Amino acid sequence: MQPERWKEIKEILDKALQLDPSARVHFLNELDTDEEVKSEVVSLLVDLDEAEDFLSAPASSLAGEFLPEEESVEDPNLGEQIGNYRIVSELGLGGMGAVYLAERTDGEFTQQVAIKLLKREFNTKRIRETFARERDIQGGLAHPNIATLIDAGTTNDGIPFLIMELVEGVPIDRYCREKNLNLGQRLKLFNKACEAVSFAHRNLIVHRDLKPSNILVTEDGEPMLLDFGISKLLDEDGHDSSTVTNIGALTPKYASPEQITGEPITTATDIFSLGVILYKILTGRHPFTNSSDESGVLSAIVERDPTLPSASTRGNGTERDLETEKIIDPAKLRGDLDNILLMAIRKKPERRYATVEQFRDDIWRYLDNLPVRARPATLTYRARKFLSRNKIPVAAGLLTLLGLIVGLSVALWQANVAGKQALIAKNAQQRAEVEAKKSKAEEETAKEISKFMDKLISFANPGMYAAGSKESGNARVIDAIDAMGASIEREIPDRKDIQAELHHKFAEVYVMLAGEDHTIALAKSYLRKANFHARRALNLRIEHFGNQHELVAKDLYYMWAAKVPSEKSPAVLLSEAIDMMRATNPKNLNLPQMLASYANRVHTIGTKAEKEEYRKAAKSDKDSLALAQAYFLESLKLFQEKFGEDDISVVLVKCRTAMVMADRGRIDELRPFYNSCKNPPSSFNKNQMAVVTDLVMYIENSISDSQNR
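If you want our numbering, it's the 1-based position in the sequence shown plus 4.
So this is what it looks like as structure tokens:
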């Protein structure tokens, strides 16, 4: 080399070494000199290895950008024997090394492998040490989607080599295009590759050079992760090889901001690269720039905001463009996928997904139409996701939600009326003042109920359903109810009366769900949630209405019916509910139900000791049968006043009353009740008729037993 050329190279090298690694690419791009000088400077930067770990430094990435292609000469390594393998052909060539196809020659079995060799001029002590370190890393990664390290060592000339599993495949983005995979297929394939990266992270290894060419997909659709750290040793020449590990150092297009600026490298670095890869798989473009000039990509990654994935489709977004380029319709990326991708490629590492597993999980949640972490978990969003999961929901589930909506409307109206009636009765002398405030209170109540009900109704809007059939046709009502139930106090602050009624309704729904065909664990989960809502409803009622109110009595009754754990015994709980309802509103329809429930407990349900416990809790001097008869008669009167003679509730209580009378030997007294049961209204359905028939048989058997005594 002429002295003048060497002087120019030395001057440029001195200036480059004074710059941060992140600034060297721009510096070299702006040089007004020929490619030979640039290449020599880059080679010297790499060889000097002034960074502690040059494999992660931007300087090493420059080799692939500036080294000129070598003239075609016969490779001296062809035909060389390395261990049990003979090199057959060159598969990939870079500035610092090459990858070769090799075949096993010992006759034990037929096998083809990929052998990586350093170029002799890069066989320095530092590189050999790093080579050995990366060999140890690769050797410790045993995963079905990570290329296996078979052997390692040095040639007779002292050149380090790695013998790797030969992966016959194509880069993941190219595979998706060539196979014309749909959105779901691309996401599932990508997630499988992410699992391999996550495995490496769990083994405390950061890849640092993730890119489509380091994720090859085999013909049978298996993604294989390649080049853990080795790609930082070898300089990729840019050649698109479909059958081997592509070699190269840091790839600017998939580098993270912290790699470019020389900040610490963490697992978040791989998450960023994975985000860029997925962006490319779905849109066919880079998130930060349209430029093919990779030197300009680095500044774009650091300085520019990414383009929204749903707005980044090349061409004009027409069907012809999508078909030609084999990319995803941008409309399908809008919403969750926009947010997932943008979260993965945030500038600051701490603002990305904390782990690859979180990234993968959000993709699975998107595929399952579940709420994703990348979006705020608002009530409306979570419930929409539930309904979009179930375009054809199970009828019981949809009816439950609609029933909840209707039930809330009626219950809230009743709660509001009952509350006002109680206030008026208790404060008769202030009636005028109450009336004056009534309009404002009604307006506020209506507004709060309307807001909440609008959301509930919107969740059932078929227009919000996602297009396409779902993998699972079973509606999971619990998801929507969880989302709504958890937000009651947040959605309706400062209205404990409404909050209480909502909690009560959610408790009812959970109890219903627990009664369906589920596993024991799932049923217990539903009951725990029912218990929470039931207790919360009772506490809010007491806070708002005081200790004596018909709605407090209602909640006590429900806690008894749902077997919600309490410091009071079930018998005391139900007895207090009855006494409170009698005192606060004896016309409340819950009272006859409570009375009938209590009568059944002291007559037919439970052990002798449990019946006695209920008798004592009623604080009555009657025996169990007499107490049961009295409660049934009180219940019957209230049901008759409300429904007349032909209602199923009236007929059933008549049957129960006749049963008690038969057990007491009051045969003449029970006949009017028995006759009503024997001849039920023709309007009863089949199930109602069956229940009445069973009760009639019990009465007749009891009469027969009594007459034989």
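Ideal Cβ placement from N, Cα and C applies to all residues, glycine included.
These figures come from a predicted structure and were not determined experimentally.
Under three-state DSSP, which class holds residue 476?
Only weak support is given to the placement of residue 476: the predicted model assigns it a pLDDT of 36, under 50, and the question is left unresolved by the model.
Contact the stretch 113-121 vs the stretch 188-196: 3+ CB pairs below 8 Å:
Segments in contact, no.
Original post:
Are there 16 or more other CB atoms within 10 angstroms of the CB of residue 596, so buried, or fewer, so exposed?
Top reply: Per the 10 Å Cβ criterion, buried.
Taking 8 Å as the limit between beta carbons, can you name the residues of its chain near residue 578, skipping five residues before and five after?
Once the five neighbours on either side are set aside, the close Cβ partners of residue 578 are 560, 561, 564, 598, 601, 602, 605, 618, 621.
Practice item. Determine the burial state of residue 288: buried for a count of at least 16 other Cβ atoms within 10 Å of its Cβ, exposed for fewer. Key: By the Cβ-count criterion, residue 288 is buried, with 16 or more other Cβ atoms from all chains shown falling within 10 Å of its own Cβ.
Check your understanding: Just to confirm, are residue 105 and residue 163 a CB contact at a threshold of 7 Å?
Key -> Cβ atoms of residue 105 and residue 163: not closer than 7 Å.
Check: Whose C-alpha, out of 706, 293, 517, 274, is nearest the C-alpha of residue 208?
Finding: The shortest C-alpha separation from residue 208 is found at 274.
- request: Compute the distance between the beta-carbons of residue 666 and residue 656, then report whether it is under 7 Å.
  value: Residue 656 is positioned such that its CB atom lies no closer than 7 Å to that of residue 666.
Practice prompt. Look up residue 289 in the DSSP assignment and say whether it is helix, strand or coil.
Written response: For residue 289, the three-state secondary structure derived from DSSP is coil.
Open item on the list: Considering just the uninterrupted stretch of the alpha helix (DSSP H) at residue 646, what are its terminal residues?
Closed with: For residue 646, the enclosing alpha helix (DSSP H) covers residues 628-647.
Notebook entry, point to check: Taking the alpha carbon of residue 585 as the point to measure from, which residue in 555, 279, 676 has its own alpha carbon closest?
Noted result: Closest option to residue 585, Cα to Cα, is 555.
*Could you check the C-alpha separation between residue 196 and residue 206 for me, to the nearest Å?*
Residue 196 and residue 206: Cα-Cα distance of roughly 15 Å.
TODO: Have a look at residue 210 and residue 204 and give me their C-alpha separation to the nearest angstrom.
DONE: Approximately 7 Å between the Cα atoms of the pair.
* To do: Determine the closest residue to residue 221 out of 256, 187, 183, with distance taken between C-alpha atoms.
  => Checked all of 256, 187, 183; the closest Cα to residue 221 is 183.
Just tell me which of 352, 350, 346, 316 has its CA closest to the CA of residue 335. Residue nearest to residue 335 within the set 352, 350, 346, 316 is 316 (criterion: CA-CA distance).
Does DSSP classify residue 678 as helix, strand or coil? Residue 678 falls in the helix class under three-state DSSP.
- Task: Look at the alpha carbon of residue 715 and the alpha carbon of residue 612, and state the distance between them as a whole number of angstroms.
- Result: Nothing about residue 715 can be read from this structure; the chain reaches only from 5 to 713.
Practice problem: Taking 7 Å as the cut-off, decide whether the C-beta atoms of residue 313 and residue 278 are in contact. | Solution: No; because the gap between Cβ atoms is not below 7 Å, this pair is not in contact.
Please go through the same chain and pick out, in chain order, the residues whose beta-carbon is closer than 7 Å to the beta-carbon of residue 155, but skip the five residues on each side of it. Residues of the same chain with a CB within less than 7 Å of the CB of residue 155, apart from the 5 flanking positions on each side, are 87, 167 in chain order.
Taking DSSP as the reference, what is the three-state secondary structure of residue 93?
Of the three classes helix, strand and coil, the one that applies to residue 93 here is strand, per DSSP.
Between the C-alpha atoms of residue 726 and residue 129, what's the straight-line distance to the nearest angstrom? What the structure shows of the chain is the stretch from 5 to 713, and residue 726 is not part of that stretch, so it cannot be assessed.
- prompt: Hey, would you say residue 535 sits closer than 7 Å to residue 568, going by beta carbons?
  reply: For the pair residue 535 and residue 568, the CB atoms are nearer than the 7 Å cut-off.
**Prompt:** Taking 6 Å as the line, does the beta carbon of residue 636 fall inside it for any heavy atom of the ligand MN?
**Reply:** Only the bare structure without any ligand can be found here, which leaves the ligand MN out of the picture.
Q.
Quick check on the burial criterion: 16 or more other C-beta atoms within 10 angstroms. Buried or exposed for residue 284?
A. Result: buried.
- 6 Å CB neighbourhood of residue 659 in its chain, flanking five on each side removed: So the list reads 681, 699, once near-sequence residues are dropped.
Checklist entry - From what residue to what residue does the beta strand (DSSP E) around residue 118 run? => result From DSSP, the beta strand (DSSP E) with residue 118 extends over 116-122.
query = Near residue 188, what residues of its chain come up, given a Cβ to Cβ distance below 8 Å and the 5 sequence neighbours on each side ignored?
reply = The beta carbon of residue 188 is closer than 8 Å to those of 371 in its chain, skipping five residues each way along the sequence.
(Q) So, under 8 Å CB-CB, residue 633 and residue 661 are touching, yes? Tell me the CB distance rounded to an integer number of Å. (A) Residue 661 and residue 633 do touch by the CB rule: their CB atoms are close to 7 Å apart, below 8 Å.
For residue 170, tell me which candidate among 147, 95, 580 has the shortest Cα-Cα distance.
The shortest Cα separation from residue 170 among 147, 95, 580 belongs to 95.
- Query: Ordered along the chain, which non-local residues of its own chain (more than five positions away) have a Cβ less than 7 Å from that of residue 44?
  - Reply: Cβ neighbours of residue 44 within its own chain (closer than 7 Å, five residues either side excluded): 13.
Is it buried or exposed, residue 110, if we count other Cβ atoms within 10 angstroms and call 16 or more buried? It counts as exposed.
Query raised in the report: The alpha helix (DSSP H) with residue 79 in it runs from where to where?
Result: Premise fails: residue 79 is in no alpha helix (DSSP H) and is neither H nor E.
Alpha carbon to alpha carbon, how far is residue 165 from residue 153? Distance between the alpha carbons of residue 165 and residue 153 is about 11 Å.
Original post:
Going by the CB atoms, is the gap between residue 503 and residue 495 shorter than 7 Å?
Top reply: No, these two residues do not count as a Cβ contact at 7 Å.
Could you check the C-alpha separation between residue 688 and residue 709 for me, to the nearest Å? Near 29 Å, if we compare the C-alpha coordinates of residue 709 and residue 688.
Spatial distance of residue 292 from residue 512 (CA atoms): Here the alpha carbons of residue 512 and residue 292 stand approximately 51 Å from one another.
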